Amino acid sequence: MPTRQKANYKNNQFKQNKSASNGDSQSRKEIKTIFKSNSDRVQEVKEKLNSIDEKLINLAERLDSPETIMEIKKVLEFQASFYNYSFHNQMFLFFQSIERNYYLEQVASFQQWKSLKKDNKENVHVRKGEHGFYVLVPVEYTIYERDEEGNYILDSENEKIPELDENGEIKKGLTFKLGYVFDVNQTNAKELGIYKKLAYRNNETLIDESIMNKLIESIINRYKLNIEFKNIGAAGGYYKKSENLIVINNSEEKTVANKISTLFHELGHFLMHSSDEDTFRRDKAEGEAEGFSYILSSFFGIENKSELYIKSWGNNADEFKATLENISTTAKKAIRELNLEKI
């Protein structure tokens, strides 16, 4: 009976120039907040985003290569492990792990690690000299009133006037800066025996019918879908929008892992394609559903051997990236809404 295995993406080799980023070290100087002008901060973020775009373009330009399929599978496995991060932060962390040949197990910020204590005594700390992995960090700011020329409007005390929304609340905007996270193996958390305080699911749990039944119950309760098991020939299953129904092949040849992966595939169709059935391309829809299934299967440590149909993911780099992001975002949403960490 299969058990949940950790996704292993460490040895994946990308055909790109590898200019490893050393990130941020744990020196006093580098941990202190560095104030930059908005333009500098925006430019820094843009450069990092552009580097991700270049890597994704590289993938999109060679979808015919068998090696590309393996690379994309590694991306999807990584997204399963780091589903709680945004798409861009997943990509930042993934490509840094490849460039630095570093297996990321679990990451948190310097302060998050520091907040963990052993029996309220010794704090977890990041080891001296360790280099962090950069991520995007949201920064909220106040929006102020401006005149027609874009200049700030000042009050009688020469202070900027916050702009108010229709409810009289101060308007806020959102921008991003670069921050840094550290892997658990860059800390003393394991030595202190408190690594598990940062909740991660048990990847060694057996994949059996009880797990499948819990999944089915969660899907039915959350999405009000009907799920049936039937012998339907060679097909693994199907989703029927008109009946809000997922059917899974109940053939004796299908293992529990097979059935769960098929369940995830059909759930992907429900989540991504049920509202635009007349407009989506069938081949692309199959590719998206299979990518979704691959992430959720990896989350449970299930090896999914089916095709990803990556040639259908887009005719250009922008479409390919949009498809990958849609798959990742939908999988993240499902993991949270179904509370899969508890199953």
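Residue 1146 in the working numbering sits at position 136 of the sequence shown, and the numbers go up by one each step.
Think of the CB as a built atom: it goes at the ideal place given N, C-alpha and C, for glycine as much as any other residue.
The model shown is predicted, which means the values in this text are computed figures rather than measured ones.
About 7 Å separates the Cβ atoms of I1320 and T1078, confirming a contact at the 8 Å cut-off. Classified as buried, V1085 has 16 or more neighbouring CB atoms from the shown chains inside 10 Å of its CB. Per DSSP, reduced to three states, the secondary structure at L1273 is helical. By the neighbour-count definition (other C-beta atoms within 10 Å, threshold 16), D1218 is an exposed residue.
Residue state for V1117 is assigned as strand, using DSSP reduced to three classes. Judged by beta-carbon spacing, N1241 lies within the 8 Å limit of S1261, meaning their Cβ atoms are closer than that value. Looking at the DSSP output, D1193 sits in a beta bridge with V1117.
Note on the stretch 1045 to 1086: there is no whole beta strand (DSSP E) run with a minimum of 3 residues.
Cβ-Cβ distances below 8 Å link I1270 to I1217, I1221, M1222, L1225, S1307, F1310 and I1312 in the same chain, with the five nearest sequence neighbours on each side left out; the list follows chain order. With a cutoff of 8 Å on beta-carbon distance, G1246 and N1268 are scored as near each other. Residue state for L1235 is assigned as coil, using DSSP reduced to three classes. A Cβ-Cβ contact shorter than 8 Å links T1340 with F1302. In the three-state reduction of the DSSP assignment, R1110 falls in the coil class. By the neighbour-count definition (other C-beta atoms within 10 Å, threshold 16), S1075 is an exposed residue. Taking V1117 as the centre and dropping the five residues before and after it, the same chain places the C-beta of V1191 and D1193 closer than 6 Å to its C-beta, in chain order. In the DSSP assignment, I1256 falls within the beta strand (DSSP E) that extends over L1255 to N1259. Within the DSSP secondary-structure output, I1180 pairs in a beta bridge with L1174. Three or more beta-carbon pairs drawn from the stretch 1095 to 1107 and the stretch 1050 to 1067 are found closer than 8 Å, and the two stretches are therefore classed as touching.
Burial is judged here by how many other beta carbons sit within 10 angstroms of a residue's own beta carbon; A1070 has at least 16 and is buried.
The C-alpha of K1182 is placed about 33 Å away from the C-alpha of L1350. Collapsing the DSSP output to three states places R1156 in a strand.
S1316 and E1300 have their alpha carbons spaced roughly 8 Å apart. In the three-state reduction of the DSSP assignment, T1333 falls in the helix class.
Assignment of beta-bridge partners to E1132 by DSSP yields K1128. CA-to-CA, the gap between G1189 and V1147 works out to about 6 Å.
Per DSSP, the beta bridge partners of G1247 are I1258.
Non-local C-beta neighbours of I1353 in its own chain, meaning closer than 7 Å and more than five positions away in sequence, comprise I1221, K1224, L1225 and S1228, ordered along the chain. Annotation: L1348 is outside any alpha helix (DSSP H) and is labelled neither H nor E by DSSP. Rounded to whole angstroms, S1125 and L1202 show a C-alpha spacing of 13 Å. Cβ neighbours of P1172 within its own chain (closer than 8 Å, five residues either side excluded): T1152, I1153, Y1154, E1155, I1180 and K1181.
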